[in-house]
Amino acid sequence: MNKKYRKTIIAGNWKMNLLPSDVKSFTEELRTLLPKAKTCEVALLVPYTHISALRRAMKDNRISVGAQDVSVHDKGAYTGEISADMLADLGASYVIVGHSECRQYHGDSDFTVGAKAAAVLEKGMSPIICVGESLEQRERGLTMEYITYQVLAALSFVPEGKERSIVIAYEPIWAIGTGKTATKEEAQEVCEGIRDVVREKFGARVARSVSILYGGSMNPKNAAELLSMPDIDGGLIGGASLKPHDFAQIIDAVAQVTGEEQK
Ligand code: PEP
């Protein structure tokens, strides 16, 4: 399917790493390494405490800023939670929902993930909806069945008219932070399957415009081959996004792939 209808997104997930006081030096270094021309959307999904500093450092909007989670609630007596409204007010454009670490450590169910995606969309931001199978599910041949279930559950919460604002990240759990990457064929097969699910639910026009990212040990060495696949529209990058040089090399891989395609 033609990639011209959708954005390529390289998004870094800092998880619970670096300090707010590290943001300035990180962005100064990254800025010197970014390609002159914008070849893709670059986003950094940082802890809540870093968002303002990152927005200040990136006043020129060269890099979009986002968060890694959000409350399902609008406001009120929810000690410790952060609402979608608060994130939008800080200038966030993206919010990760359903990262496997949130599903595992905070018990986020598919229902919660869908409600979080809806909260993000209602406030004009894009949720990056993470889905992915465990190693056991893959070995038992259940990958696509499970992913279809996760995607459909989240899509059922998307408010009418907001379908094109979603981003989906395929992140096999066994590949996150392990150094084991899905092969480009494995990643493509699932991303294509996800697009089929989006098409069945929302039609061909929405399906061709939704960006589907791959995440799971993406690094400067494997980025280009993954990004060259027809249904992989970018990456959600954990470890390698903490080093400006590695992150910039992954961004460079987009230009490399686009250049190859144009030849
Ligand atoms: C992630 O946390 O979303 C991720 C893909 O991590 P890593 O790149 O470190 O595997």
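Numbering follows numbering that gives the first Met the number 0, with no gaps: position 64 of the sequence shown is 63. We put the CB at the ideal spot given by N, CA and C, even for glycine.
Exercise for the section: Decide if TYR213 is buried, meaning its Cβ has at least 16 other Cβ atoms within 10 Å, or exposed. Expected result: It is buried - the Cβ of TYR213 has at least 16 other Cβ atoms within 10 Å.
Practice task
Please name the residue in VAL197, PHE246, GLU188, ASP251 whose C-alpha comes closest to that of ILE231.
Solution key: Comparing alpha-carbon positions, the option among VAL197, PHE246, GLU188, ASP251 lying closest to ILE231 turns out to be GLU188.
Handout entry: C-beta atoms of VAL69 and VAL96 nearer than 8 Å
Key = The answer is yes: Cβ separation under 8 Å.
Practice task
Rank ILE175, GLU184, ARG137 by C-alpha distance to the C-alpha of CYS129 and give the top, closest one.
Solution key: The shortest Cα separation from CYS129 among ILE175, GLU184, ARG137 belongs to ILE175.
Handout entry: Cβ neighbour criterion (16 or more within 10 Å) applied to ASP59
Key = Within 10 angstroms of the beta-carbon of ASP59 lie fewer than 16 other beta-carbons, which makes it exposed.
Exercise for the section: State whether the segment 126-142 contacts the segment 166-175, with contact taken as three or more CB pairs (one from each stretch) at a distance under 8 Å. Expected result: The count of Cβ pairs closer than 8 Å, one atom from the segment 126-142 and one from the segment 166-175, reaches three, so the stretches are in contact.
Problem - VAL94, DSSP secondary structure in three states - result: Three-state DSSP puts VAL94 in a strand.
Handout entry: beta strand (DSSP E) segment containing ILE128, residue limits
Key = Residues 125-130.
Handout entry: ALA344 in three-state terms, based on DSSP
Key = No statement about residue 344 is possible, as the shown extent of the chain runs from 0 to 262 and does not include it.
Practice task
Assign LEU264 to one of three DSSP states: helix, strand, or coil.
Solution key: Outside the modelled stretch of the chain, which goes from 0 to 262, sits residue 264, for which no answer is possible.
Practice task
Say yes only if the C-beta of LEU235 is nearer than 7 Å to one or more non-hydrogen atoms of the ligand PEP, and no if none qualify.
Solution key: True, at least one ligand heavy atom lies under 7 Å from that Cβ.
Problem - Identity of the residue in THR142, CYS190, GLU191, VAL197 nearest ALA152 by Cα - result: For the residues THR142, CYS190, GLU191, VAL197, the minimum Cα distance to ALA152 belongs to VAL197.
Exercise for the section: Can you tell me which of TYR93, GLY90, LYS115, SER92 puts its alpha carbon nearest to the alpha carbon of ARG102? Expected result: Among TYR93, GLY90, LYS115, SER92, the Cα nearest to that of ARG102 belongs to LYS115.
Exercise for the section: Kindly confirm or deny that the segment 2-13 and the segment 35-43 touch, where touching means at least three C-beta pairs closer than 8 Å. Expected result: Flag = yes, the segment 2-13 and the segment 35-43 touch.
Exercise for the section: Excluding the 5 residues preceding and the 5 following ALA254 in the sequence, name in chain order all residues of the same chain whose CB lies nearer than 7 Å to its CB. Expected result: Here the set comprises PRO34, THR38.
Handout entry: Any non-hydrogen atom of the ligand PEP closer than 7 Å to LYS14 Cβ
Key = Correct: LYS14 has its Cβ closer than 7 Å to the ligand PEP.
Practice task
Can you tell me which of the three DSSP states LEU235 falls into?
Solution key: In this structure, LEU235 counts as strand in the three-state DSSP scheme.
Problem - Unbroken beta strand (DSSP E) run spanning ILE9, endpoints - result: Segment 8-12, the beta strand (DSSP E) holding ILE9.
Problem - the segment 157-171 touching the segment 117-128, judged by at least three CB pairs closer than 8 Å - result: The count of Cβ pairs closer than 8 Å, one atom from the segment 157-171 and one from the segment 117-128, reaches three, so the stretches are in contact.
Practice task
Take ASN221 and list the residues in its own chain whose beta-carbon comes closer than 6 Å to its own, dropping the five residues that flank it on each side.
Solution key: Close CB contacts of ASN221 within its chain, under the 6 Å cut and outside five residues either way in sequence, are with THR180 (chain order).
Exercise for the section: With hydrogens ignored, establish whether the beta-carbon of MET217 is closer than 7 Å to any heavy atom of the ligand PEP. Expected result: True, at least one ligand heavy atom lies under 7 Å from that Cβ.
Problem - Through-space distance from ASN12 to ILE211, alpha-carbon basis - result: When rounded, the distance between both Cα atoms is 16 Å.
Practice task
Report buried or exposed for HIS72, applying the criterion of at least 16 other Cβ atoms within 10 angstroms of its Cβ.
Solution key: The residue is exposed, with fewer than 16 neighbouring Cβ atoms inside 10 Å.
Exercise for the section: Taking ILE167 and VAL150 to be in contact with their CB atoms under 8 Å, please state how far apart those CB atoms are, rounded to whole angstroms. Expected result: About 7 Å separates the two Cβ atoms, so the contact holds.
Handout entry: Cβ neighbours of SER82 in the same chain (closer than 8 Å, five flanking residues each side left out)
Key = Taking SER82 as the centre and dropping the five residues before and after it, the same chain places the C-beta of VAL69, SER70, HIS72, ASP73, LYS74, ALA118 closer than 8 Å to its C-beta, in chain order.
Practice task
Would you mind working out which of SER227, PHE156, ASN218 sits nearest CYS190, comparing C-alpha positions?
Solution key: Distances from the CA of CYS190 to each of SER227, PHE156, ASN218 were compared; the closest alpha carbon is that of SER227.
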